[in-house]
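First comes the structure, then the notes that go with it.
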Amino acid sequence: MKFKAFLKRKNIEISVQRYLVDALGAMAQGLFCTLLIGTILNTLGEQCHIGFLTCTVATVNGADYTIGGLASAMVGPAMAVAIGYALQAPPLVLFSLIPVGIATNALGGAGGPLAVLVVAIVAAEFGKAVSKETKVDILVTPIVTIMVGIGIAWLIAAPIGKAASWCGQLIMLATELRPFWMGIIVSVVVGMLLTLPVSSAAICAALSLTGLAGGAAVAGCCANMVGFAVMSFRENRWGGLASQGIGTSMLQMGNIIKNPRIWLPAIITSAITGPVATCLFKLEMNGAAVNSGMGTCGLCGPIGIWTGWLSPSEAAIANGAVAITPTAMDWIGLVLVCIVLPAVICWALGLAFRRIGWIQDGDLTLE
Numbered sequence: 003m004k005f006k007a008f009l010k011r012k013n014i015e016i017s018v019q020r021y022l023v024d025a026l027g028a029m030a031q032g033l034f035c036t037l038l039i040g041t042i043l044n045t046l047g048e049q050c051h052i053g054f055l056t057c058t059v060a061t062v063n064g065a066d067y068t069i070g071g072l073a074s075a076m077v078g079p080a081m082a083v084a085i086g087y088a089l090q091a092p093p094l095v096l097f098s099l100i101p102v103g104i105a106t107n108a109l110g111g112a113g114g115p116l117a118v119l120v121v122a123i124v125a126a127e128f129g130k131a132v133s134k135e136t137k138v139d140i141l142v143t144p145i146v147t148i149m150v151g152i153g154i155a156w157l158i159a160a161p162i163g164k165a166a167s168w169c170g171q172l173i174m175l176a177t178e179l180r181p182f183w184m185g186i187i188v189s190v191v192v193g194m195l196l197t198l199p200v201s202s203a204a205i206c207a208a209l210s211l212t213g214l215a216g217g218a219a220v221a222g223c224c225a226n227m228v229g230f231a232v233m234s235f236r237e238n239r240w241g242g243l244a245s246q247g248i249g250t251s252m253l254q255m256g257n258i259i260k261n262p263r264i265w266l267p268a269i270i271t272s273a274i275t276g277p278v279a280t281c282l283f284k285l286e287m288n289g290a291a292v293n294s295g296m297g298t299c300g301l302c303g304p305i306g307i308w309t310g311w312l313s314p315s316e317a318a319i320a321n322g323a324v325a326i327t328p329t330a331m332d333w334i335g336l337v338l339v340c341i342v343l344p345a346v347i348c349w350a351l352g353l354a355f356r357r358i359g360w361i362q363d364g365d366l367t368l369e
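All the letters of the sequence shown, read from the start, carry residue numbers 3 to 369 under our numbering.
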């Protein structure tokens, strides 16, 4: 009882909601604000010949960095701090997670994001446990947080990173070998993860999901976001179209719990667009892996595919990706898979479901 009381007093909540929903979602935001934004800025600078985006603004240990390069380089600490924020860590713990994030992401390699998730959670909770327990809190809390975090990272970050990378490689290889069936599986699963209250973006980043598998993931996410936005236009009009189409289909989660059948049109649509992406258009997502799980949220999925064409990410290059000049077929595939097909197919299925009574007026209304 004393231990439970201590955990409650220190705001340490060991739960799926805190660790796999709140922390994972926050980690994705850290990825978005650094790696993803950095990639976009670099690509815009290179393709549009914007001088201040392509020039060196800092040199660190002999390496030159652009604005986008600096943003991308901060992905480790950004993820760790975001996770600490989600765990409601006090300031000294939060700031101490910066070196923990840098070390863990570096040690985790391609699977760094998953390693950061695990290590940052442990370090933050230990830091919270000792926070304000001594008269020299300004020394004890940072020391404990940093030592625990980097110590654990030294022990487990590399194995976790390798395991995550191996899982991602397996999914990508299976998609290359069986593009039709894996196109369906990856598209449906990642699309559902995007709508569930977990972070599909963080999961894709943790697995370094790029290539054809990344393309299938983008297709599934777009099927859910664009699909729900169009299918519910009758109830939610333009506001709902924008909030779901470029925001998140997670807004429909409450309605899905009330009537799970409203999810079927989006799921069926993702099962169709997934293999269309992998088999017909060979659509690869070779930008930052986090884009694979973003869908049309801020148009990050399509932007990721575009940046991957012009300047593949390190993870994609490691898997054999090279820069290409996109053809008309590439652009047609991008627009069809990400926008047109999800809108048309999901709308048609939604209309059919309304006619047979599986979807009633008001079932898709956002509160």
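Glycine residues also receive a C-beta, built at the ideal position from the N, C-alpha and C atoms. Computed from a prediction, not measured in an experiment: that's the story for all the values here.
Quick check on the burial criterion: 16 or more other C-beta atoms within 10 angstroms. Buried or exposed for Asp24? On the sequence shown, residue 24 is found 22 positions in, with the first residue counted as 1. Counting Cβ neighbours within 10 Å, Asp24 comes out buried, since at least 16 surround it.
Using a Cβ-Cβ cut-off of 8 Å (strictly less than) and excluding sequence neighbours within five positions of Gly303, which residues of its own chain qualify? Here residue 303 refers to the residue found at position 301 of the sequence shown. So the qualifying residues of the chain are Val220, Cys223, Cys224, Met287, Asn293, Ser294, Met296, Gly297, Cys340.
Per-residue DSSP class, three states only, for Thr329: Locating residue 329 in the sequence shown gives position 327, where the first residue counts as 1. Per DSSP, reduced to three states, the secondary structure at Thr329 is coil, with no helix or strand assignment.
Residue ranges of each alpha helix (DSSP H) within the segment 98-151, 4 or longer: Whole alpha helix (DSSP H) segments, 4+ residues: 114-132.
Reduced DSSP secondary structure (H/G/I, E/B, other) of Thr36: The count along the sequence shown starts at 1 and reaches residue 36 at position 34. Thr36 falls in the helix class under three-state DSSP.
Output the distance between the C-alpha atoms of Ala165 and Ile361, rounded to the nearest integer angstrom. Translated into the one-based positions of the sequence shown, residue 165 becomes position 163. Translated into the one-based positions of the sequence shown, residue 361 becomes position 359. Computed Cα separation, rounded: 42 Å.
Close-in-space but distant-in-sequence residues of the same chain around Val142 (CB under 7 Å, 5 per side omitted): What you label residue 142 is simply residue 140 of the sequence shown in a count that begins at 1. Only residues of its own chain outside the window of five on either side were considered, and among them Val132, Thr136 have a CB closer than 7 Å to the CB of Val142, listed in chain order.
Near Phe128, what residues of its chain come up, given a Cβ to Cβ distance below 7 Å and the 5 sequence neighbours on each side ignored? Here residue 128 corresponds to residue number 126 of the sequence shown, with the count starting at 1. Taken in chain order, the residues that qualify are Val146, Thr147, Val150.
Based on Cα-Cα distance, which residue from Gly322, Thr275, Gly256, Asp363 lies nearest to Glu369? Taking the sequence shown and counting its residues from 1, one reaches residue 369 at position 367. The shortest Cα separation from Glu369 among Gly322, Thr275, Gly256, Asp363 belongs to Gly256.
Compare the Cα-Cα distances from Met29 to each of Thr68, Val121, Ser251 and report the closest residue. Within the sequence shown, numbered from 1, the residue matching residue 29 stands at position 27. Among Thr68, Val121, Ser251, the Cα nearest to that of Met29 is on Val121.
Mind the definition here: the segment 6-17 touches the segment 42-54 only if three or more C-beta pairs lie below 8 Å; say whether that holds. Between the segment 6-17 and the segment 42-54 there are fewer than three inter-stretch CB-CB distances shorter than 8 Å, so the stretches are not counted as touching.
According to DSSP, which residues form a beta bridge with Asp66? In the sequence shown, residue 66 corresponds to position 64, counting from 1. Its beta-bridge partners are Thr61.
CB Leu116 to CB Leu209, shorter than 9 Å? The count along the sequence shown starts at 1 and reaches residue 116 at position 114. The count along the sequence shown starts at 1 and reaches residue 209 at position 207. Yes; because the gap between Cβ atoms is below 9 Å, this pair is in contact.
Compare the C-alpha of Leu55 against each of Val62, Gly47, Val232 and name the closest. On the sequence shown, position 53 is the one that residue 55 refers to. Ranking the options by Cα distance to Leu55, first place goes to Gly47.
Could you tell me which of Lys10, Lys6, Ala207, Leu366 sits nearest to Leu253, measuring between CA atoms? Reading the sequence shown from its first residue, position 251 is the one you call residue 253. Of Lys10, Lys6, Ala207, Leu366, the residue nearest in Cα terms is Leu366.
When you compare only the Cα positions, how much space is there between Val191 and Ile270? Numbered from 1 along the sequence shown, position 189 holds the residue referred to as residue 191. Numbered from 1 along the sequence shown, position 268 holds the residue referred to as residue 270. If you take the alpha carbons of Val191 and Ile270, they lie about 11 Å apart.
Through-space distance from Gly352 to Met174, alpha-carbon basis: Against the sequence shown, residue 174 aligns to sequence position 172. Against the sequence shown, residue 352 aligns to sequence position 350. Rounded to whole angstroms, Met174 to Gly352 spans 31 Å at the Cα level.
Let me make sure I understand the geometry here. Which of Trp265, Ala204, Ile259 has the alpha-carbon closest to that of Ala231? On the sequence shown, residue 231 is found 229 positions in, with the first residue counted as 1. Of the listed residues, the one whose Cα sits closest to Ala231 is Trp265.
Going by CA-CA distance only, name the one from Leu37, Ala73, Lys6, Arg263 that's closest to Phe355. The residue given as residue 355 occupies position 353 in the sequence shown. Closest by alpha carbon: Arg263.
What is the C-beta distance between Pro344 and Thr280, in whole angstroms, given that I count them as a contact (C-beta under 8 Å)? For the purposes of this step, residue 344 is taken as the residue at position 342 of the sequence shown. For the purposes of this step, residue 280 is taken as the residue at position 278 of the sequence shown. Not confirmed; about 16 Å, so no contact.
How is the alpha helix (DSSP H) around Met233 delimited, first residue to last? Walking along the sequence shown from the start, residue 233 turns up at place 231. Met233 -> alpha helix (DSSP H) spans 213-233.
Based on DSSP bridge pairs, tell me the residues matched to Met287. Here the question's residue 287 lines up with position 285 in the sequence shown. Paired residue(s): Gly213.
Do you know offhand how far Met76's Cα is from Gly111's? In the sequence shown, the residue the question calls residue 76 occupies position 74. In the sequence shown, the residue the question calls residue 111 occupies position 109. Their Cα atoms are separated by approximately 14 Å.
I'd like to know whether the C-beta atoms of Leu2 and Val200 end up nearer to each other than 9 Å. The question about residue 2 has no answer here: the residues shown for the chain are numbered 3 through 369.
What three-state label does DSSP hand Trp156 in the structure shown? The count along the sequence shown starts at 1 and reaches residue 156 at position 154. In this structure, Trp156 counts as helix in the three-state DSSP scheme.
Collapsed DSSP secondary structure at Gly297 in the structure displayed: For the purposes of this step, residue 297 is taken as the residue at position 295 of the sequence shown. Correct three-state label for Gly297: coil.
Would Trp168 be called buried (16 or more neighbouring beta carbons within 10 Å of its own) or exposed? In the sequence shown, residue 168 corresponds to position 166, counting from 1. Under this definition Trp168 is an exposed residue.
What whole-angstrom Cβ distance do Ala82 and Val102 have, given they're in contact under 8 Å? Against the sequence shown, residue 82 aligns to sequence position 80. Against the sequence shown, residue 102 aligns to sequence position 100. Indeed they touch by this definition, with Cβ atoms about 5 Å apart.
C-beta contact flag for Leu211 and Ala323 at 9 Å: On the sequence shown, residue 211 is found 209 positions in, with the first residue counted as 1. On the sequence shown, residue 323 is found 321 positions in, with the first residue counted as 1. In this structure, Ala323 does not lie closer than 9 Å to Leu211 by Cβ.
So, is Cys299 buried or exposed, given that buried needs 16 or more other C-beta atoms within 10 angstroms? Working through the sequence shown from its first residue, we reach residue 299 at position 297. By the C-beta density criterion, Cys299 is buried, having at least 16 other C-beta atoms within 10 angstroms.
Contacting residues, own chain, Cβ-Cβ under 6 Å from Gly170 (five flanking each side not counted): Here the question's residue 170 lines up with position 168 in the sequence shown. Only residues of its own chain outside the window of five on either side were considered, and among them Leu209, Ser210, Leu211 have a CB closer than 6 Å to the CB of Gly170, listed in chain order.
Can you tell me whether Trp311 is helix, strand or coil according to DSSP? Locating residue 311 in the sequence shown gives position 309, counting from the first residue. Helix, per DSSP.
Cβ-Cβ separation, Ser315 to Gly438 (assumed contact under 8 Å), whole Å: Residue 438 falls outside the range modelled here, since the chain spans only 3 to 369, and no answer is possible.
Whole-angstrom distance between Ala318 and Gly379, CA atom to CA atom: With the chain covering 3 to 369 only, the question about residue 379 has no answer from this structure.
Buried versus exposed call for Ile274 [16 or more other C-beta atoms within 10 Å across all chains shown]: Residue 274 sits at position 272 when you count from the first residue of the sequence shown. Ile274 counts as buried, since no fewer than 16 other beta carbons sit within 10 angstroms of its beta carbon.
Just the C-alpha distance for Ile259 and Gly364, rounded to the nearest angstrom, thanks. Taking the sequence shown and counting its residues from 1, the one referred to as residue 259 is at position 257. Taking the sequence shown and counting its residues from 1, the one referred to as residue 364 is at position 362. Their Cα atoms are separated by approximately 14 Å.
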